[in-house]
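Enquirer:
In the working numbering, the protein residues as written are 240 to 458.
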C-alpha cells in the first residue's frame with residue numbers, strides 16, 4: 240500500500256506477485272510434509288486479505304481519485320473502490336468453509352483479481368494506446384470493473400486450480416496450456432498482458448467446464 244500511495248506501481252506489483260508466489264507454494268509444501276491444519280488455513284486467508292484484498296481496493300481507489308469526473312467530483316466517490324476489498328473479504332471467508340473448493344475454485348481467486356487490478360495503472364503508464372488510457376481513466380468504466388470484480392470473485396463459476404498435486408502431464412495439461420499462454424501474452428504485451436492473462440484464465444475455465452479439457456468431472 241505504501242508503494243501504491245507513492246505511485247510506484249511496479250514495486251507494488253512485484254511485492255504482491257512475490258506474496259502470491261509464496262502463497263502458491265506454502266500449501267504445496269504443507270501437503271508435501273503433511274503439516275496441514277485449520278489454523279494454517281485461517282492464517283493463509285488473513286495474509287491473502289492484505290495482498291489480495293486491501294491492495295486491489297486501494298488501487299481502484301487511486302484510479303477513481305485520478306479519473307475523469309464524468310459522474311461526480313465528490314471526494315467520497317473513490318471510496319467505492321473498496322467494494323473490491325469487501326468482495327475479497329467475503330470470498331476468502333467463504334472459501335475456508337466451502338468444501339467444494341479443494342481441487343478447484345468457484346469464483347475468481349483473490350490473487351488473480353489483485354494482479355488484474357495492479358496491472359491497470361501500469362497499463363495507463365506504459366501503454367501507447369489512447370483508447371486504453373481513455374477507458375481506464377473513465378469513472379463509468381472503473382465502476383463497471385469494480386462491480387464486475389466483486390461479482391466474479393463470488394460467482395458460482397468453477398475455475399481450475401494452478402496448484403500441482405501430481406507430477407504427470409495428464410493431470411496438469413490445462414495448467415501447462417495456461418502457463419504457456421500467459422508467458423506469451425506477457426512477452427508480447429508486457430504489463431497489458433496481465434489483464435489478458437486473467438481474462439484467458441476465466442475463458443479457459445469456462446471452456447473446461449463445457450468440454451472437460453482436463454478430463455475431470457466438474458463440480
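We put the beta carbon where it would ideally sit given N, CA and C, even for glycine.
In angstroms, rounded to a whole number, what distance separates the CA positions of residue 458 and residue 398?
Expert: Start at 1 with the first residue of the chain shown, and residue 458 comes out as number 219. Start at 1 with the first residue of the chain shown, and residue 398 comes out as number 159. Below a pLDDT of 50, predicted positions are generally treated as unreliable, and residue 458, at 45, falls in that range; the measurement from the model is reported next regardless. Looking at the two C-alpha atoms, the distance is approximately 10 Å.
Enquirer: On the DSSP bridge list, what partners appear for residue 397?
Expert: For the purposes of this step, residue 397 is taken as residue 158 along the chain shown, with counting starting at 1. BP columns for residue 397 point to 345.
Enquirer: Rounding to the nearest angstrom, what Cα-Cα distance links residue 309 and residue 372 in this structure?
Expert: Against the chain shown, residue 309 aligns to sequence position 70. Against the chain shown, residue 372 aligns to sequence position 133. Cα to Cα, residue 309 sits roughly 15 Å from residue 372.
Enquirer: Give me the Cα-Cα distance between residue 420 and residue 391, rounded to the nearest whole angstrom.
Expert: Residue numbering aside, residue 420 sits at position 181 when the chain shown is read from its first letter. Residue numbering aside, residue 391 sits at position 152 when the chain shown is read from its first letter. Taking the straight line joining both Cα atoms gives about 21 Å.
Enquirer: What number of angstroms, rounded off, separates the C-alpha of residue 242 from the C-alpha of residue 359?
Expert: One-based indexing of the chain shown puts residue 242 at position 3. One-based indexing of the chain shown puts residue 359 at position 120. Residue 242 and residue 359: Cα-Cα distance of roughly 15 Å.
Enquirer: Report all residues from its chain with a CB closer than 7 Å to the CB of residue 317; omit the five preceding and five following residues, and keep chain order.
Expert: On the chain shown, residue 317 is found 78 positions in, with the first residue counted as 1. Here the set comprises 300, 303, 304.
Enquirer: Indicate the three-state DSSP secondary structure (helix, strand or coil) for residue 368 in the structure shown.
Expert: Here the question's residue 368 lines up with position 129 in the chain shown. Three-state DSSP puts residue 368 in coil, outside helix and strand.
Enquirer: Evaluate residue 426 with the Cβ neighbour count: other Cβ atoms within 10 Å of its Cβ, from every protein chain shown; 16 or more gives buried, anything less gives exposed.
Expert: Along the chain shown, one-based indexing puts residue 426 at 187. The residue is exposed, with fewer than 16 neighbouring Cβ atoms inside 10 Å.
Enquirer: Use the C-beta contact count for residue 261: other C-beta atoms within 10 angstroms, 16 or more gives buried, fewer gives exposed.
Expert: The residue you call residue 261 lines up with position 22 of the chain shown. Its Cβ having fewer than 16 others within 10 Å, residue 261 is exposed.
Enquirer: Give me the Cβ distance between residue 381 and residue 306, rounded to the nearest whole Å; I'm assuming they're in contact under 8 Å.
Expert: The sequence position of residue 381 within the chain shown is 142, counting from 1. The sequence position of residue 306 within the chain shown is 67, counting from 1. The pair is a contact, with the Cβ atoms about 6 Å apart (cut-off 8 Å).
Enquirer: Is the Cβ-Cβ distance between residue 394 and residue 346 less than 7 Å?
Expert: Working through the chain shown from its first residue, we reach residue 394 at position 155. Working through the chain shown from its first residue, we reach residue 346 at position 107. Yes, Cβ-Cβ distance for residue 394 and residue 346 is below 7 Å.
Enquirer: Once you ignore the five residues that flank residue 350 on each side, which residues in its own chain have a CB closer than 6 Å to its CB?
Expert: Locating residue 350 in the chain shown gives position 111, counting from the first residue. 259, 291, listed in sequence order.
Enquirer: Suppose you measure from the CA of residue 286 to the CA of residue 293; what does that come to, to the nearest Å?
Expert: If you number the chain shown from 1, residue 286 lands on position 47. If you number the chain shown from 1, residue 293 lands on position 54. Looking at the two C-alpha atoms, the distance is approximately 10 Å.
Enquirer: Pick helix, strand or coil for residue 291, following the three-state DSSP scheme.
Expert: Here residue 291 refers to the residue found at position 52 of the chain shown. Reduced to three states, the DSSP call for residue 291 is helix.
Enquirer: Using only alpha-carbon positions, find the residue among 284, 296, 417 that is nearest to residue 441.
Expert: Position 202 of the chain shown, counting from 1, holds the residue named residue 441. Cα-wise, what sits closest to residue 441 is 417.
Enquirer: Taking the alpha-carbon positions, what's the residue 323 to residue 295 distance?
Expert: By one-based count along the chain shown, residue 323 stands at place 84. By one-based count along the chain shown, residue 295 stands at place 56. Cα to Cα, residue 323 sits roughly 7 Å from residue 295.
Enquirer: Rounded to whole angstroms, what is the Cα-Cα separation between residue 376 and residue 319?
Expert: The sequence position of residue 376 within the chain shown is 137, counting from 1. The sequence position of residue 319 within the chain shown is 80, counting from 1. Cα to Cα, the separation comes out at about 15 Å.
Enquirer: Taking 8 Å as the limit between beta carbons, can you name the residues of its chain near residue 439, skipping five residues before and five after?
Expert: On the chain shown, residue 439 is found 200 positions in, with the first residue counted as 1. So the qualifying residues of the chain are 417, 420, 421, 424.
Enquirer: Among the residues of its own chain, which have a CB less than 7 Å from the CB of residue 342, if the five just before and after it don't count?
Expert: Position 103 of the chain shown, counting from 1, holds the residue named residue 342. So the qualifying residues of the chain are 400.
Enquirer: For the alpha helix (DSSP H) holding residue 328, just list the boundary residues, first then last.
Expert: Translated into positions along the chain shown, residue 328 becomes position 89. Where residue 328 is concerned, the enclosing alpha helix (DSSP H) stretches over 322-336.
Enquirer: So, using beta-carbon positions, are residue 430 and residue 362 closer together than 7 Å?
Expert: In the chain shown, the residue the question calls residue 430 occupies position 191. In the chain shown, the residue the question calls residue 362 occupies position 123. Yes, they are a contact pair.
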